[in-house]
Structure formats: structure tokens, C-alpha cells
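Read through the structure below, which is laid out as C-alpha cells, and then see the notes.
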Amino acid sequence: MDGVGVLKSAFGGAHMWYRGTVADVSAAQANTVPPGVVHPISELMAHILHCEDFMVNTAIQGNRPLWERDGWGAKLGGEMIVDLPIPVKGRAYEYDRKAMSEYAEAVFASTDAFLDRLKDSDCERELELVQFGLPNNMSLGTFLTTMLLGNTYAHTGEISALKGWLGAKGYPF
């Protein structure tokens, strides 16, 4: 398996874990604001999807995110998490299972299409990420593996833990 094949497999796995973990999340669970500084499930879901949408479509490819281009902001009733001030973020979304699921599928399809066009040699390209608020620039391959995949897996784990805190089964197994 080449490097792009590994990336496709890793993103496929991340998307599978996300889908399985959020498949049975109710509106009440998604919108519960935990005590302290923990973000609600709805915000974590939006964060995962917004980051992948923005980073794949805008930071990497220079296009508008699906959120803007395809009207997902109007469908889900909010701004992109990456555009909101920190104190506002965790309370920004009222969960709509159907709309959030449709947005997830659009984001994942967009990522899959990007990966289908990717060549191993593309992974060496330096991304200008400081302009988006990241502390440093990095290669595309490093960004995809450490930032995007890490973000999806880490926050999916948070969602699983919050489901458990709410008395539900976390991961889908």
C-alpha cells in the first residue's frame, strides 16, 4: 500500500468511528452543556466537521468550505466553529440529526474526492498554515496525519466519553 492508500484507509477509519459513535446521539444528549469547560456533543460534532471541511477545502485546496458554498450554515443555523470566538463556540449549535448527518456525508465525500486526486509526491508540499492561526506551517502529509486525523479521532473519543457520562453507550461496539 502506498502513502495515499494509507491516508485513504486512515480517513475511512476515522469517518467510520465518527459515524458509529454519533449514530444514536439524541438531541437532548447533543445539546446538554456539561459542567466546567467541557463542550457539548453538538459542538464537538460541528468542530470535527468544520475543521475537516475548512482544512481540506480551504487551507489545502484554496476553495470555499462546503459550509459556505453549499449553504450548510443556513441549513444548520450557525457560523463555522473556526470563525467564532472561543467563549461562544460550545453553545453555538442546536443539534439537528438529519442536517448534521447530511453535512457529515458531504464533508466526508469531499475529503474522499480530494484523496482520490492526491499523489504520494503531493504529501511533501508545504502548507501555509500560520495564516489560519496554526503555530507553524507543515507538509501536507504531516498535516493530514497529525492534525486532521488526530482531530477527528480525539474529539470522537470525547463524544464517546460524554455519551457515557450521560448514561449511554459511547463507542458503537
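If you want the working numbering, it's the position in the sequence shown, counting the first as 1, plus 383. Heads up, the beta-carbon is just placed ideally off N, CA and C, and yes, glycines get one too. All figures in this text were calculated on a predicted structure; none of them were measured in a lab.
Alpha carbon of residue i to alpha carbon of residue j, nearest angstrom
{"i": "residue 491", "j": "residue 418", "result": "31 Å"}
{"i": "residue 552", "j": "residue 395", "result": "22 Å"}
{"i": "residue 413", "j": "residue 401", "result": "14 Å"}
{"i": "residue 452", "j": "residue 434", "result": "15 Å"}
{"i": "residue 542", "j": "residue 555", "result": "12 Å"}
{"i": "residue 505", "j": "residue 487", "result": "25 Å"}
{"i": "residue 530", "j": "residue 393", "result": "13 Å"}
{"i": "residue 415", "j": "residue 533", "result": "25 Å"}
Pick from the options that is closest to residue i, judged by C-alpha positions
{"i": "residue 408", "options": "477, 522, 384", "result": "477"}
{"i": "residue 432", "options": "446, 444, 384, 398", "result": "398"}
{"i": "residue 461", "options": "483, 499, 385", "result": "483"}
{"i": "residue 429", "options": "445, 446, 411, 405", "result": "405"}
{"i": "residue 455", "options": "489, 411, 519, 387", "result": "489"}
{"i": "residue 485", "options": "517, 421, 450", "result": "450"}
Supposed close pair residue i, residue j - CB separation, criterion 8 Å
{"i": "residue 448", "j": "residue 436", "result": "5 Å"}
{"i": "residue 508", "j": "residue 493", "result": "Not quite, the Cβ-Cβ distance comes to about 19 Å (not below 8 Å), so this is no contact."}
{"i": "residue 538", "j": "residue 390", "result": "Contact flag wrong, Cβ pair sits at about 19 Å."}
{"i": "residue 499", "j": "residue 386", "result": "Rounded, the Cβ-Cβ distance is 14 Å, inconsistent with contact."}
{"i": "residue 479", "j": "residue 501", "result": "Residue 479 to residue 501, Cβ: 32 Å. No contact."}
Helix, strand or coil at residue i [DSSP, three-state]
{"i": "residue 530", "result": "helix"}
{"i": "residue 522", "result": "strand"}
{"i": "residue 510", "result": "strand"}
{"i": "residue 444", "result": "coil"}
{"i": "residue 409", "result": "coil"}
{"i": "residue 515", "result": "helix"}
{"i": "residue 551", "result": "coil"}
{"i": "residue 420", "result": "coil"}
Taking contact to mean 3 or more Cβ pairs, one atom from each stretch, closer than 8 Å, check whether the segment 503-512 and the segment 521-536 are in contact.
Result yes; three or more Cβ-Cβ pairs closer than 8 Å.
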